[in-house]
Each structure stands twice: as structure tokens, then as C-alpha cells.
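*Asks:* Below you'll find the structure I mean.
2 protein chains.
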Amino acid sequence: MSEFAKGEVWLVGAGPGDAGLLTLHAVEALRTADVEIQDALKSAKVLEYAAGAELVFLGKRGGKPSPKQPEINARLVAEAKAGRRVVRLKGGDPFMFGRGTEEVLALVAAGVKFRVVPGITAGIGGLAYAGIPVTSRDVNSSVIFLTGHDHTGLSPEGIDWAAVGHAAGMIVLYMAMRHMGEISDKLMAGGLSGDTPVAVVMRASMPEMRILDTTLARAAKDIEASGIGAPAIISIGRGNLLREQMAWL
Amino acid sequence: MSEFAKGEVWLVGAGPGDAGLLTLHAVEALRTADVEIQDALKSAKVLEYAAGAELVFLGKRGGKPSPKQPEINARLVAEAKAGRRVVRLKGGDPFMFGRGTEEVLALVAAGVKFRVVPGITAGIGGLAYAGIPVTSRDVNSSVIFLTGHDHTGLSPEGIDWAAVGHAAGMIVLYMAMRHMGEISDKLMAGGLSGDTPVAVVMRASMPEMRILDTTLARAAKDIEASGIGAPAIISIGRGNLLREQMAWL
Chain A
13 MSEFAKGEVW
23 LVGAGPGDAG
33 LLTLHAVEAL
43 RTADVEIQDA
53 LKSAKVLEYA
63 AGAELVFLGK
73 RGGKPSPKQP
83 EINARLVAEA
93 KAGRRVVRLK
103 GGDPFMFGRG
113 TEEVLALVAA
123 GVKFRVVPGI
133 TAGIGGLAYA
143 GIPVTSRDVN
153 SSVIFLTGHD
163 HTGLSPEGID
173 WAAVGHAAGM
183 IVLYMAMRHM
193 GEISDKLMAG
203 GLSGDTPVAV
213 VMRASMPEMR
223 ILDTTLARAA
233 KDIEASGIGA
243 PAIISIGRGN
253 LLREQMAWL
Chain B
13 MSEFAKGEVW
23 LVGAGPGDAG
33 LLTLHAVEAL
43 RTADVEIQDA
53 LKSAKVLEYA
63 AGAELVFLGK
73 RGGKPSPKQP
83 EINARLVAEA
93 KAGRRVVRLK
103 GGDPFMFGRG
113 TEEVLALVAA
123 GVKFRVVPGI
133 TAGIGGLAYA
143 GIPVTSRDVN
153 SSVIFLTGHD
163 HTGLSPEGID
173 WAAVGHAAGM
183 IVLYMAMRHM
193 GEISDKLMAG
203 GLSGDTPVAV
213 VMRASMPEMR
223 ILDTTLARAA
233 KDIEASGIGA
243 PAIISIGRGN
253 LLREQMAWL
């Protein structure tokens, strides 16, 4: 990968949380950056690598709403045009439900050079910390990843949930906690058994990780009763049953 | 992550090829290992980190067939029982079509302690190097990953290809080069347009990366004519059209 030059924006995947899942490219970018822009607060260990950079936090704070995407894009462009090396730090991977595409296209439109540094996505690497393999030769040779809400805040209307249930041996949902009741109903209406094993993994890869084992029929109620909140990854499929044998943390 | 103790086996994802996509945990494991066991040759830069370890190569060599999985499992167990720190280095992520589950279950059965260190999978991070985002808010809010062959060497018989075509806005295939004609036919029979954009990315993330742009109807013939060979990732969907705007290497 080429050198991080002044006036460039690097979109960097931070992984699911454990700082040890940062890539070498991510660490180098954080060490070189003049400014580091993030939505959600990252762990202190991750931010240690950016000790030399100004830290800009664009997330929700003090009850104020999050800034809109166009504001974030404009800030990225402005920092780059000011001649700074800008790291845009994203949870997981920038292209896995991270809105990385929108930011890249805004940079391209403004003539700002960029790089994308892939990260470990929580739906693969975070689940591994919970002992859940997203694929297994004897269980499933396919896995589908979906986000539980679209830009309207509702579950995606364009999704053919019956097809989802038939297409993949494992279904992994991001940002789906609020809509799990609706999603479960649609998957069951599409033919998936209510007994299908479901795991809900909160704060995957972090010391405070919590895991809830449930089923498709019970998931929404069990999530509510458990007090488990976002951010969480939900995996649906027989591969969850391997967890008991594989838990390794 | 705890310390790498003698007698343990760590399954470590090496990422798609670029050594800069190794995680900090992966580098630490390679530096600590007494023995490093791999199928496919990894880049010299990746192996520099394992300079202190014995290197065991279990892949095809000199026309001999690859060792069977039970032989690999037995070797992992034997090295661990001999009190060594064993890194089992895998391309991409150990749980994304990497047979990691089988190896972990063999270790569990033998009473060998293990860890899994997730890696960047080529179907996400490798495609990013080609300028292909696996998800984009305006294009697709779901992505499905499949392997193009099962343990019989044929394309997986259990796959409902019509459902696959309807379930996800982006389809990413691993190890599918030999069966692309059959897979394309099944996806088109299931309703996917022959004009659907397809990208074939060989040696993703490496300096020798090659990219073929084609369509579902033409993919198999174009792959044959191009001379592009395995290892390659095939992505199917409108997201491929963003590549022209986003190519960044």
C-alpha cells in the first residue's frame, strides 16, 4: 500500500472491538494521521495508536441527534482540502454496512484521493470469538449478511425474506435488534422453522461480550427479557449449535 | 487475547495476501510460534513474521495429491502434544470456507487447547482492493457468500440457486472458477438477468491482482478466454458497476 499523503482520506476498518484485530495497515494509518474522524467511540486501546492525531467524534452525544451523512462527507472533504491526512475510522469493515461507499463517492466527486483499508467484520470475526463459525463444511456452504434497517429506520422492504431463508445455511444480521420480531415472523412465514437456533452476540470480541442462545420463534422476546442491547450481531442457523463445543475465550 | 502457550494450536487467518492486512494478533502468533503449518504458500512478507518457526507445507507439491484433512488434523494434534506452539495459517479467515471448523473439532476431540484468530476474507477485503464494495446503501443491503464446490469437488447440490438470486443484491463466490458455467446457468434459470455485472478478481490485494469485467451470461466463456486462474473471487451484482468510480490502487 502506498504512503499516506497529505490531503488524502483513508477509510479504515477498526474491526469488531478487540484492538488486536486491527490490521498492520490500520495501525500505520492511525499513527500517521493528522486527524481521526469517527461516529461511535472506539476502545481506548485502538485510539492509543492515534495519539498524534486530533480526534473528531461525530456521533450522538448529550442527546443531540447524529450528524447527517452529507455533513460527515463535507467534513471529510474539508479536512483533506486543508492538507491534512484524514483517517475515517469505522467499526468492522468500511464496506460491510458501514456507509463506506457513500463516503468514497463523495470524496471522488470532490477530487479527494482516498484509500480503503479493510477490517474484520463483526459478523465473521466477532462471531468467531463467540465460538460460532459462519461456515462449516458439514453444516453450511453459504452465509448471507443483512442489515436490519435501511435509511428509513425500518427493516428493509426490498428483502425477499423467504428467499433469504432458503438461500443460506447461516443468516447473519447487523443492526437488527429493534426489528427482530418482524424479521423472525417473515423468516418463519417463508418456511424457516421456529426451532432454528439463534445466537445474539453483544459487544463481540470485547471483554464485556455477552451471548444469548435462543430460537427463531423466541428470539424477540428473549432479547427483550435479556436486557442485551446494541451493538449486537444476530446469527441464525444450525452452525450456532457448534458453539458449545467451540467456545474458546 | 491470552498468551500463546506451549501445546496450543492457533488457527490464524492470514487475509487475502497483502501482508499489511495481517492483524496484530496474527503477527504476534506468527512471531511466537514454534511451528507454522500451511496448505497454500503465503507471501514472503507474511512468512517473515514466522522467521523463528519451523515451516511445514502440507499443500500439493510435485504432482503429489494434497494430504487429506484427517492427516492434517492428526499433524496439528501431534505437534501440540509434543509441546509446541502451533500456528495453523489459513488464507483469508479460518471460518470462511477455510475448513477451520473441522480442525477445531478435531483439536477439541483430542483435548488440545486452541484459539481462532479471525482474518480479512478475500470476498470482502480483497474485493475492496478491486474497488468493489460488497454492500452499498443505495444498491444492496445484503450479500451472500458461497463456495463453488463441496467435498465431492462438484458445485454444491444442496444450494437453492433461485433463492440465492432473489435473496441478496450481491453474490460472492469462492473457489467457483471451474463451475462458473453451471452456476451462471442455474442463477439465470432462477430469474437473474444474463446482463448482471460480474467481476472476477484474481490474486486480490496482491501486486499481480487481475480483474475481469463480464456478465453472468458471458462469465464462463470470458474466464476461459482470459487465462485468469484460481485463486479468484467472483462477485455478481450491480455493486460491481461502482468499480470504475472507486478503483483506488
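Protein chains in written order, with our numbering: chain A, 13 to 261; chain B, 13 to 261.
Yeah, the Cβ is synthetic: ideal placement off N, Cα and C, and Gly gets one too.
Tell me the rounded alpha-carbon separation between ILE240(B) and LEU228(A).
*Replies:* Each residue's alpha carbon lies about 43 Å from the other.
*Asks:* Going along chain A in order, which residues have a C-beta closer than 9 Å to the C-beta of ASP105(B)?
*Replies:* Correct list: ILE132, ILE136, GLY137, ALA140 and VAL146.
*Asks:* Within 8 Å, do at least three Cβ pairs link the segment 146-156 of chain B to the segment 181-191 of chain B?
*Replies:* Cβ pair count under 8 Å is three or more, so yes.
*Asks:* Kindly give me the distance between the Cβ atoms of ALA216(B) and GLY29(B), rounded to whole angstroms, as I take these residues to be in contact under 8 Å.
*Replies:* Correct: roughly 7 Å between the Cβ atoms.
*Asks:* At least one CB of chain B closer than 9 Å to the CB of ALA175(A): is that the case?
*Replies:* Yes - at least one Cβ of chain B is within 9 Å of the one on ALA175(A).
*Asks:* Buried or exposed for SER196(B), please, with buried defined as at least 16 other CB atoms from any protein chain shown within 10 angstroms of its CB.
*Replies:* SER196(B) should be labelled buried.
*Asks:* Would LEU53(B) be called buried (16 or more neighbouring beta carbons within 10 Å of its own) or exposed?
*Replies:* Exposed is the call here.
*Asks:* Give a yes or no on whether the minimum CB-CB distance between THR159(A) and chain B is below 9 Å.
*Replies:* At least one chain B Cβ lies under 9 Å of THR159(A).
*Asks:* Taking the alpha carbon of ASP207(A) as the point to measure from, which residue in ARG250(A), GLY138(A), SER153(A) and ILE136(A) has its own alpha carbon closest?
*Replies:* With distances taken between Cα atoms, ASP207(A) lies closest to ARG250(A).
*Asks:* Can you give me, in chain order, the residues of the segment 26-57 of chain B that have a beta carbon less than 8 Å from any beta carbon in chain A?
*Replies:* Listed by position along the chain: GLY27, ASP30, ALA31, GLY32, LEU33, LEU34, THR35, LEU36, HIS37, VAL39 and GLU40.
*Asks:* Would you list the residues sitting across from ARG222(A) in a DSSP beta bridge?
*Replies:* According to DSSP, ARG222(A) bridges with MET214(A).
*Asks:* How many whole angstroms separate the CB atoms of MET189(B) and ILE235(B), which I take to be in contact at a CB cut-off of 8 Å?
*Replies:* Contact flag correct, Cβ pair sits at about 6 Å.
*Asks:* Below 7 Å between beta carbons is the criterion; list the residues of the segment 176-189 of chain B that meet it against any residue of chain A, in chain order.
*Replies:* Within the segment 176-189 of chain B, the residues whose Cβ lies closer than 7 Å to some Cβ of chain A are VAL176, HIS178, ALA179 and ALA180, listed in chain order.
*Asks:* Quick one: using the 10 Å Cβ neighbour count with 16 as the cut-off for buried, is GLN257(B) buried or exposed?
*Replies:* Flag for GLN257(B) reads exposed.
*Asks:* Below 8 Å on the Cβ atoms is my guess for LEU36(B) versus LEU34(A); work out the distance and round it to an integer in Å.
*Replies:* At roughly 6 Å, the Cβ-Cβ gap stays under 8 Å, so LEU36(B) and LEU34(A) are in contact.
*Asks:* Any contact between the segment 37-49 of chain A and the segment 91-111 of chain A? By contact I mean 3 or more CB pairs, one from each, below 8 Å.
*Replies:* Result yes; three or more Cβ-Cβ pairs closer than 8 Å.
*Asks:* Between the Cα of VAL129(B) and the Cα atoms of THR159(B), GLU15(B), GLY203(B) and ALA244(B), which residue gives the shortest distance?
*Replies:* Of THR159(B), GLU15(B), GLY203(B) and ALA244(B), the residue nearest in Cα terms is GLU15(B).
*Asks:* To which residues of the same chain is GLY203(B) closer than 8 Å at the C-beta, ignoring the five residues directly before and after it?
*Replies:* ALA174, GLY177 and HIS178.
*Asks:* Provide the residue span of the beta strand (DSSP E) that contains GLY25(A), from first to last.
*Replies:* Here the beta strand (DSSP E) through GLY25(A) covers 21-25.
*Asks:* List, from N- to C-terminal side, the alpha helix (DSSP H) runs of 4 residues or more that fit wholly inside the segment 105-146 of chain A.
*Replies:* List check, alpha helix (DSSP H) in window: 112-121.
*Asks:* Short check: CB of PHE107(B) to CB of ALA140(A), under 9 Å?
*Replies:* Yes, these two residues count as a Cβ contact at 9 Å.
*Asks:* In chain order, what residues of the same chain have a beta carbon less than 6 Å from the beta carbon of ASP246(B), not counting five sequence neighbours either side?
*Replies:* First, the amino acid is wrong: residue 246(B) is Ile here, not Asp. Counting only Cβ-Cβ distances below 6 Å, and skipping sequence neighbours, we find LEU185, ALA188 and VAL212.
*Asks:* Once the 5 residues before and after LYS198(B) are set aside, which same chain residues still bring their CB inside 6 Å of it?
*Replies:* Cβ neighbours of LYS198(B) beyond the five flanking positions: TRP173.
*Asks:* Thinking just about the alpha-carbon of each residue, which of ALA86(B), ASP105(B) and PHE109(B) is nearest to the one in GLY123(B)?
*Replies:* Ranking the options by Cα distance to GLY123(B), first place goes to ALA86(B).
*Asks:* I need the straight-line Cα distance from VAL120(B) to GLU114(B), nearest angstrom please.
*Replies:* So the two alpha carbons sit approximately 10 Å from each other.
*Asks:* Any C-beta of chain A sitting closer than 9 Å to the C-beta of GLY112(B)?
*Replies:* Judged by the 9 Å Cβ criterion, GLY112(B) is in contact with chain A.
*Asks:* By the three-class DSSP mapping on this structure, what secondary structure does SER196(A) have?
*Replies:* Helix at SER196(A).
*Asks:* Would DSSP call PRO82(A) helix, strand or coil?
*Replies:* If DSSP states are grouped into helix, strand and coil, PRO82(A) belongs with the helices.
*Asks:* Please return the same chain residues whose Cβ sits closer than 6 Å to the Cβ of GLY19(A), not counting the five positions on each side in sequence.
*Replies:* Hits under 6 Å: ALA92 and GLY95.
*Asks:* Within 10 Å of its beta-carbon, does LYS102(B) have 16 or more other beta-carbons around it, so buried, or fewer, so exposed?
*Replies:* Buried is the call here.
*Asks:* Measure the CB-CB distance between ALA232(A) and MET192(A) and report whether it falls below 9 Å.
*Replies:* Contact flag set, yes.
*Asks:* Would SER154(A) count as contacting chain B if we go by Cβ distances under 9 Å?
*Replies:* Yes - at least one Cβ of chain B is within 9 Å of the one on SER154(A).
*Asks:* Going by the beta-carbon positions, is the gap between LYS125(B) and VAL21(B) smaller than 9 Å?
*Replies:* In this structure, VAL21(B) lies closer than 9 Å to LYS125(B) by Cβ.
*Asks:* Between which two residues does the alpha helix (DSSP H) containing MET258(A) stretch?
*Replies:* Per DSSP, MET258(A) belongs to the alpha helix (DSSP H) from 255-258.
*Asks:* Counting contacts by CB-CB distance shorter than 9 Å, is HIS98(B) in contact with chain A?
*Replies:* What sits at residue 98(B) in the sequence shown is Val, not His. With 9 Å as the cut-off, VAL98(B) does not count as an interface residue toward chain A.
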